[in-house]
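Structure first, commentary second.
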Amino acid sequence: MVHRWRYTFPSRPWHEAFLSAATLLPLICCGDWCGGNLVEGAMLSGLAAADEINYQLHHLPLDNVNFLNVFTSSVHLSLD
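For the sequence shown, the working numbering assigns the number 248 to the initial residue and increments by one for each residue that follows.
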């Protein structure tokens, strides 16, 4: 896991949505330092990393879940 200190921004964000190591088991790094340095980039980076892990695990079946709907539903529940 890569940790970034609070209130800092990468001076040179990674240009791709994730960083993948060529190992036998999936090793994928993602976050707001990939593909930009905003929270939207972090969310897209996480989704791209999940797709890459699934690809490396030979396309295991996944439910067709709309992450944005799940995320907004959980936010609304926590505000109630």
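All residues carry an ideal CB built from backbone N, CA and C; glycine is no exception.
The model shown is predicted, which means the values in this text are computed figures rather than measured ones.
Extent of the continuous alpha helix (DSSP H) run through residue i
{"i": "N301", "result": "286-303"}
In DSSP terms, what residue i is bridged to
{"i": "L266", "result": "C276"}
Residues near residue i in its chain [Cβ-Cβ closer than 7 Å; skip 5 each side]
{"i": "E299", "result": "F265, S267, I275"}
6 Å Cβ shell around residue i - same chain, five flanking residues per side excluded
{"i": "A296", "result": "F265, I275, C277"}
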